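Have a look at the structure below before the remarks.
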Amino acid sequence: MAQKRRKRKLNLKFIFLILIIILIFSIFTYYKNSLKPVSNISEEVIFTVDKGSSTKTIVKKLEEENLIKDSNTAYLFIKSNELTNIKAGEYILDRSWDVETIFQYINVATNAISDDVKVTIIEGDWAKDIAKKLSVATNIPIDDYLNLWNDEAYVRSLMDKYPFITEEIFNPNTRVLLEGYLFPNTYLFFKETDVNAVTTKILDETLNVYNEYKDKIENHNLSTHELFTLSSIVQYEASKVEDMKLIAGVFYNRMDINMKLQSSVTVCYAIDKEKEDSWMNCEVNPNFDSPYNTYKYEGLPPGPILNPGKSAIEATLNPTPNDYLYFMADVYGDGTVYYAKTYKEHSANVSKYLK
Numbered sequence: 019m020a021q022k023r024r025k026r027k028l029n030l031k032f033i034f035l036i037l038i039i040i041l042i043f044s045i046f047t048y049y050k051n052s053l054k055p056v057s058n059i060s061e062e063v064i065f066t067v068d069k070g071s072s073t074k075t076i077v078k079k080l081e082e083e084n085l086i087k088d089s090n091t092a093y094l095f096i097k098s099n100e101l102t103n104i105k106a107g108e109y110i111l112d113r114s115w116d117v118e119t120i121f122q123y124i125n126v127a128t129n130a131i132s133d134d135v136k137v138t139i140i141e142g143d144w145a146k147d148i149a150k151k152l153s154v155a156t157n158i159p160i161d162d163y164l165n166l167w168n169d170e171a172y173v174r175s176l177m178d179k180y181p182f183i184t185e186e187i188f189n190p191n192t193r194v195l196l197e198g199y200l201f202p203n204t205y206l207f208f209k210e211t212d213v214n215a216v217t218t219k220i221l222d223e224t225l226n227v228y229n230e231y232k233d234k235i236e237n238h239n240l241s242t243h244e245l246f247t248l249s250s251i252v253q254y255e256a257s258k259v260e261d262m263k264l265i266a267g268v269f270y271n272r273m274d275i276n277m278k279l280q281s282s283v284t285v286c287y288a289i290d291k292e293k294e295d296s297w298m299n300c301e302v303n304p305n306f307d308s309p310y311n312t313y314k315y316e317g318l319p320p321g322p323i324l325n326p327g328k329s330a331i332e333a334t335l336n337p338t339p340n341d342y343l344y345f346m347a348d349v350y351g352d353g354t355v356y357y358a359k360t361y362k363e364h365s366a367n368v369s370k371y372l373k
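One gets our numbering by counting positions in the sequence shown from 1 and adding 18 to each.
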């Protein structure tokens with residue numbers, strides 16, 4: 019009996035030891051995992067370290083702003099690695115950075131943003147709109163931006179880093195080579211910057227979106243350039259996501275039967291009419307001779323007619339299947355988009371809502 023008791027005690031000790039080892043391993047694994055980046059995708063975030071904030075307050079704020087996974091683990095790490103000499107100021111941090119990188123960065127005062135400028139590119143901005151905004155913010159002439167964006171040698175130099183820049187861009191009829199690839203977002207730039215630094219920062223954001231949809235883009239019947247081009251038309255034609263998806267479906271239906279797209283927004287770009295002008299400036303010029311005019315020429319224009327946002331790109335990749343060939347928006351009313359299967363139905367909609 020005594021031998022059995024000793025054996026039972028040994029078994030319990032062994033089990034207890036195993037449990038302790040498992041617990042230690044689990045804690046260690048959790049600790050290591052908590053120090054890893056919150057995301058594999060690069061996403062810059064402005065983070066402010068307020069003057070006089072305690073280390074614990076700063077660490078907690080980083081967790082609340084989803085820049086680190088666990089504030090307690092991070093606090094233990096920076097205390098043991100002497101990374102608590104945090105400097106007050108605004109910093110551009112990235113969600114793809116691990117805890118060590120973040121705290122090494124905010125321990126250096128010169129990494130804080132100084133004399134920065136903010137520029138917001140909105141969905142539907144033309145390249146010339148963006149160049150104007152950037153010019154005002156950075157004091158670099160508009161033409162410096164547009165000339166570089168249309169410089170074939172420069173754009174070709176970007177191809178290795180940015181797979182969405184393809185040979186199709188270099189169509190002699192393209193107005194601005196990088197039109198359509200300057201992703202809408204809010205950007206921070208140093209006031210003392212240059213056109214290349216600004217351009218690559220914007221293209222980095224485009225690359226993030228491209229990578230998100232990479233599989234669908236690469237397996238699509240349309241080429242990357244064609245997808246960005248169609249997305250730009252969809253962006254201009256609709257304001258609501260559900261309409262973007264339906265309108266993308268309409269354009270696919272037309273392309274399937276070799277029917278001209280007949281999008282008035284391509285005429286706007288062709289005649290270079292400002293978007294705030296009356297839509298009739300585009301509607302009454304369907305015969306304007308330009309390769310961008312989809313009333314006159316079959317298929318897609320040479321390139322994008324503006325810089326589309328994520329919703330338009332997603333709608334183009336995931337259109338809502340339908341049997342429509344026509345649509346029009348009630349521009350004099352609430353903007354509702356009406357769809358039609360036949361020209362007769364479409365004409366009735368036009369007569370009802372636009373006359």
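Cβ atoms here follow ideal geometry from the backbone N, Cα and C, with glycine treated the same way.
None of these values were measured; they are calculated from a predicted model.
Going by C-alpha positions, Phe-201 is about 8 angstroms away from Lys-328. Contact between the segment 248-259 and the segment 227-237 is not established, with fewer than three Cβ pairs separated by less than 8 angstroms. Within its own chain, the residues whose Cβ lies closer than 7 angstroms to the Cβ of Asn-129, once the five positions on either side in sequence are excluded, are Tyr-109 and Tyr-123, listed in chain order. When secondary structure is reduced to three states using DSSP, Leu-111 falls in the strand class.
A check of alpha carbon separations from Leu-176 across Leu-221, Thr-211 and Glu-81 identifies Leu-221 as the nearest. Ala-106 sits in coil when the DSSP states are folded into three classes, being neither helix nor strand. One thing to note: Leu-206 has its Cβ within 7 angstroms of the Cβ of Lys-136. Boundaries of the alpha helix (DSSP H) harbouring Asp-274: 259-274, taken from the DSSP string.
Fewer than three beta-carbon pairs drawn from the segment 144-152 and the segment 98-107 are found closer than 8 angstroms, and the two stretches are therefore not classed as touching. The beta carbon of Asn-303 sits closer than 7 angstroms to those of Val-285 and Ile-289, all from its chain and outside the five residues before and after it, given in chain order. Bridge partners of Met-346 according to DSSP: Tyr-356.
Considering only Ser-281, Glu-185 and Ser-241, the residue with the shortest C-alpha distance to Ala-171 is Glu-185. Residue Glu-316 holds the alpha-carbon nearest to the alpha-carbon of Asn-276 among Glu-316, Val-283, Glu-244 and Ala-256. The way I'd put it, the segment 309-324 does touch the segment 189-196; three or more beta-carbon pairs between them come closer than 8 angstroms. The bridge partners DSSP lists for Val-63 are Leu-111. Runs of the beta strand (DSSP E) lying entirely within the segment 188-271 and spanning at least 3 residues, in chain order: 204-208. In the assembly as shown, Gly-353 is an exposed residue. Its beta-carbon has fewer than 16 other beta-carbons within 10 Å. DSSP lists Thr-204 as the beta-bridge partner residues of Thr-138. Looking at Lys-69, Asp-169 and Lys-359, the one whose alpha-carbon comes closest to that of Ala-127 is Lys-69. According to the DSSP assignment, Asp-162 belongs to the alpha helix (DSSP H) that extends over 160-167. Proximity to Thr-119 across Ala-215, Ser-281 and Ile-86 peaks at Ile-86, based on C-alpha coordinates.
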